[in-house]
Amino acid sequence: MGVIAQVRQGLGIAKILARKNEAAALAQHVQSHFNCALPTSPRRTCGNDIAVMGIGPGSWLAMCENGGNDFASSLKPVLGSFAAISDQSDAYGVFRLMGPNLRAVLSKLVPIDIHDRAFKVGDVAETIAGHVGILFWRLEDIAGSPVFDIAVARSFSVSLRHTLIQSAAEFELAWEES
Amino acid sequence: MSTNRIAGGGAIDRNRPISFTFDGKVFAGFKGDTLASALLAAGVRLVGRSFKYHRPRGILTAGSEEPNALVELRSGARREANSRATVTELFEGLEACSQNRWPSLTFDLGAVSSLLAPVFVAGFYYKTFMWPAAFWEKIYEPAIRRAAGLGRASLQADPDTYEKAHAFCDVLVIGAGPAGLAAALSAGRSGARVILCDEDFLSGGRLNADAREIDGDGGAVWAQRTHAELASLPQVRLMMRTTVFGVYDGNTYAALERVSDHVPIPAPHQPRQRFWKIIAKRTVLASGAIERPLVFGGNDRPGVMMAGAVRTYLNRFNVTPGRRIALFTSCDDGWKTGAALAHAQVDVAAIIDARNDVHPDLLAEAKHAHTPVMLGAQVLDTQSARGVSALLVRDARGRKLRIAADTLAMSGGWNPNTALSTHLGSRPRWSEAIGAFVPGDLPPFMSVVGAAAGEFSLAGALNTGAAAGREAARSVGFEAPASREWQVDEEQSGANSLWIGSASRGKAFVDFQHDVTREDLALAAREGFKSAEHLKRYTTLGMATDQGKTSALNGHAIIAALTQRETADLGTIASRPPYTPVAIAALAGAHRGRDFKPVRLTAGYAWAQARGAKFVEAGEWLRAQWFPLVGETDWLTSVVREVTAVRTTVGVCDVSTLGKIDVQGNDAAAFLDRIYANLISTLAVGRVRYGLMLREDGMVMDDGTVARLDNDHYIVSTTTANAAKVMQHLEHARQVLWPALDVQVASISEQWAQYAIAGPRSRLLLERLLGNALDVSNVAFPYLACAEFSWQGRPARLFRISFSGELAYELAVPARQGEAAVQAIMAAGETLDVVPYGTEALGVMRIEKGHVAGNELNGTTTAADLGLGKLLSKKKDFIGRVLASRPGLNAPDRPVLVGVTPVNRMTRLHAGAHFLSIAAQPALENDEGFLSSVAFSPTLHTWIGLGFLSRGAARGAERIRCHDPVRSADVEVRVTSPCFYDPDGGRLKS
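Quick note, the sequences are listed as chains A and B, same order. With numbering that gives the first Met the number 0, the residue at position 143 of the first sequence is 142, and numbering never jumps. With numbering that gives the first Met the number 0, the residue at position 257 of the second sequence is 256, and numbering never jumps.
So this is what it looks like as structure tokens:
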């Protein structure tokens, strides 16, 4: 099997936008509450039950496995004084992609360099895939093969899924609804 | 079996015979052949007819520069025209056909046009079709279009697929000849990421065409060994059958990989071709050189061939193009062909050199091979029926001789292949040393090596290649191990001067593909077209699909001589992408047909589809347009039913596509006051207000609602069309205009699925739906209220707003719950006769209410034009305030929004019709505005329309005309208020 795609279900996703002059305090609170260093570049860092990705100046996307819509509301009491929190749990379709031929497939989709030397574990990029805007990031390799997550605006996920299936057809694609 | 196949160790696999057809006749070749080599092996010399004069043409070259041997390949939907036989890889069952001939290749009626040759001179079109002017469209243009073009398109949908892909590297090497292989090897050994591209299916370049030695091995063997080592390096990617066809800014290179052109049908899931965008930190251009033809009478006849190509066919394909071959040259390299032919024991009729003096070694070698030599001589003409049979030669003493030969190999020297070096705008530079143009200023981070740089020796190619590859890798941080120099067999640095000849009998062709002759150039020079660029356009020299690869320099040198200038001073033309023709399909990739653009689906899409909805494209969105019931066959019936249901019971409409923006921060209220023309900061928490935003130029940008969820938290809604634009506008205002404000904006359009629930029974429906989750009584939740609450364990939002003019709400739920929510709404409304309605019914009801939408918010209307002038706040500043006060935007005769109804209420109105007063002539000066939106109102049982009428506010009840010259309609209408339904809004608040 050249590529395996899994649909990630139940994610809690929240956008965190620092309030004016509160970025430092925000980073402090994210560190103390979640044991997570708030990235200041397009990187993904992990803490207790949370992963945070830098997606722009003063702007982050936080994720929590099985967090659902409660995740965003749970952030408000902790971080609300330092950041605007908006629930984005439903705003994205998130696919996990892995397999030995994944880079060959991704090279048909994304116009950025995803070579091991150029796009490291924990790197995050906001780019396009087949005319659709995506956010994607690299996770730890599994069995020597790269692993990437792609998040796409939910309304586009059927289109992106179609493009993905087309692009991966030559390597055999296994689609898993997890 | 082949008549012209000879023994030898070329790059064909004699154990793998291949059968193919040409013009329906079956031939045989071998794996490794091109169509051209297999045709030559079979003794086929005539392969096509020329563009303008339908002259019989054969095979001139052995590469992608081929101007003559253009054929149609394959059949049916896969038929493709103008394929170069010289680069067409032979495969089992290949069907090839000659083109531009009728009824047959050997008997072509079109050839009569060559009798008219004196008419078809340079500038023919400009001169001939100028008069009478009226003839152009009706007679000349159709006639020219019929005559133009070579092959025929299949006119069927292409059954194959195409792909686009992206590649990145430290060092891109273009060309896998000796220089390119050496460059890739030294860069690859350093550990740098290297991509090596070559248009051929075999690496080695001229090493496959010439019998050379490197380190004691044959050059072709060295090439394969080097290829194998490159293939073993993990950071090196070898891309054969891949043409780098364009150089662009930002170190970007475009390349076309012919994935399946060499097989009958692409393997499953394999594209026919793949279009690569390559980003390279450094590039080594090793594109080799292209041999120049000589310009003499009859130089286009089948059997006249480039001398270098003759060696390619001999050594690589083990094919001799003829049995008795004469050689006409003006440079030393041509003599190598004589030697190669003699070595292959092919009869060499004569070596004819235009020069009076040549190197004694050349003479000695010819003498040793018993080859007759004529110095200071030139070929004046060729004689032939369907291929060369004899030459007319003038010797040094002026005597004319006839030499029998079935093939004439010619060489006017070699031109460095500079094309890719000029794509970013630089011009090639003349080199006196080699009598040719070499690359001028190079694109950033590109170096050029080997023959492409004018370094024609093998040792030079290997050494410059290796050094450039090493340097390219080093400059991006990779150190290559030192390598020893390669030992090559002895070679003379051959003289390569430019010679353009003078005398000839019969047509002497400069540009074979476009049939441009020496006489055409002389005429152009007489008529004053003397610059390289003017010459190109006037004579069409170099404007064919081969971009003048074999012809440009000869043409420019001839013009220089005719106008007493130096070729160096005249200069030459720059090439443009693509280097060789590229199919549009490859550029489109997978984005064609239904995949032309992505589609956005709302959470309720599957539900609407299951209900049989008809969908309409709204930008990228697919929205339910109406929901036909069984038995409803026309849209109007369905729409009338849906509108009636909303006006009398209750309807539900998916409004998820509208833009939704979350605005937070201590300064959110101040920020929105500056964004919107009306006051927002006075809005109470838990309330919604209509908002109108202007562009900086004072025109209306968008409208929507603003809901205040908390002191520092608003939800802004936008139209579907402007969702992204408004988001951009807000980000610009936040980041650039007022960075000091504490405001955060986030798009939440994708987070929430939203449904409008509208109609007199909508409150009843919501009570059943929400139960105790929220009190929706008129007291607790009045018109323009909003609330956040928890419903079925998840967050939900309710807004009491109305687009339809009825008692109405919009319910927002997380998108993952969207489908379940609409099903729950339908279930709750079942006994209330709830009906789903689409965008058409939505549109009818907003026109009945006089609400403006995209047709009215068209970028040319002001708030006052829309009847919303009173919204412009005088208490604050806002975007667009200053420019909205321009006199022109406040002129009293500006067309403003009105309603119209036809005097005969069942007469159909058409949007786009122009307003005229009753007696006015239909003329532009009488135009008083136009109709922007129309609908049949089932509520009022009449057609109604919204439009912009000059001084419309003061023309109540006046009768005017809607004149529609496009649909030949002229309808008398009565001017009314734009609000046709419930003007005091009682139903909203009920």
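Every residue gets a Cβ at the ideal spot worked out from N, C-alpha and C, and that includes glycine.
- One alpha carbon belongs to G828 of chain B, the other to G650 of chain B, and they sit about 9 Å apart.
- In the three-state reduction of the DSSP assignment, Q608 of chain B falls in the helix class, which pools H, G and I.
- Residue-level contact check: R385 of chain B does not touch chain A, since none of the beta carbons of chain A fall below 8 Å from its beta carbon.
- It is roughly 8 Å from the alpha-carbon of A472 of chain B to the alpha-carbon of G190 of chain B.
- Residue-level contact check: F877 of chain B does not touch chain A, since none of the beta carbons of chain A fall below 8 Å from its beta carbon.
- The beta carbon of D360 of chain B is closer than 8 Å to those of Q491 in its chain, skipping five residues each way along the sequence.
- Not flagged as an interface residue toward chain A: F444 of chain B, since no C-beta distance is shorter than 8 Å.
- A922 of chain B does not reach chain A, its nearest Cβ partner there being about 46 Å away, counting only Cβ pairs nearer than 8 Å.
- At least one CB of chain B lies nearer than 8 Å to the CB of S88 of chain A.
- Nearest to V974 of chain B by alpha-carbon distance, out of B:C961, B:S989, B:R954, B:P102, is B:R954.
- Between the alpha carbons of W221 of chain B and I213 of chain B lies a distance of about 7 Å.
- A37 of chain B and I113 of chain A have their C-alpha atoms spaced approximately 43 Å apart.
- Against H130 of chain A, the close residues of chain B are H590, K596, P597, in the order they occur along the chain (beta-carbon pairs closer than 8 Å).
- In this structure, D405 of chain B places its C-beta atom within 8 Å of the C-beta atom of R323 of chain B.
- Uninterrupted beta strand (DSSP E) stretches at least 3 residues long and entirely within the region 708-796 of chain B occur at 712-717, 743-746, 751-757, 785-790, given in chain order.
- Bridge pairing for I324 of chain B: B:V347, B:T406 [DSSP].
- Residues are counted here when their Cβ sits less than 9 Å from a Cβ of chain A; for the region 598-616 of chain B these are V598, R599, L600, T601, A602, Y604, given in chain order.
- DSSP places A288 of chain B outside any alpha helix (DSSP H); the residue lies instead in the beta strand (DSSP E), whose first and last residues are 288-290.
- Look at the beta carbons and you see the region 293-309 of chain B not touching the region 470-489 of chain B: under three pairs across the two are nearer than 8 Å.
- Cβ contact annotation for R188 of chain B (same chain, cutoff 8 Å, sequence separation greater than five): L232, A479, P480, S482, in chain order.
- About 5 Å separates the beta carbons of A182 of chain B and V172 of chain B, which is inside the 8 Å limit, making them a contact pair.
- Distances from the CA of L708 of chain B to each of B:M698, B:L520, B:R686 were compared; the closest alpha carbon is that of B:R686.
- In the three-state scheme derived from DSSP, where H, G and I count as helix and E and B as strand, K75 of chain A is classed as helix.
- Contacts with chain B at 8 Å (Cβ-Cβ) do not include S80 of chain A.
- Taking the Cα positions, N553 of chain B is about 13 Å away from A521 of chain B.
- For K163 of chain B, the chain A residues whose C-beta falls within less than 8 Å of its own C-beta are K107, listed in chain order.
- In this structure, B:R673 is the residue among B:R966, B:R673, B:E256, B:G887 with its C-alpha nearest to the C-alpha of K873 of chain B.
- With contacts defined by Cβ atoms closer than 8 Å, G697 of chain B and L882 of chain B form a contacting pair.
- Of all C-beta pairs linking the region 338-347 of chain B to the region 417-426 of chain B, fewer than three are shorter than 8 Å, placing the two stretches out of contact.
- Counted as a single uninterrupted DSSP element, the stretch harbouring M542 of chain B is not any alpha helix (DSSP H), since DSSP gives it neither H nor E.
- Taking 8 Å as the cut-off, the Cβ atoms of P415 of chain B and V392 of chain B do not count as close.
- Listed by position along chain A, the residues whose Cβ is nearer than 8 Å to that of H369 of chain B form an empty set, because the closest Cβ is around 57 Å away.
- Nearest CB-CB separation between A745 of chain B and chain A: below the 8 Å threshold.
- For E169 of chain A, the closest Cβ of chain B is nearer than 8 Å.
- Residues of chain B with a Cβ closer than 7 Å to the Cβ of Q165 of chain A are, in chain order, A589.
- DSSP places I113 of chain A in no beta strand (DSSP E); its state is neither H nor E.
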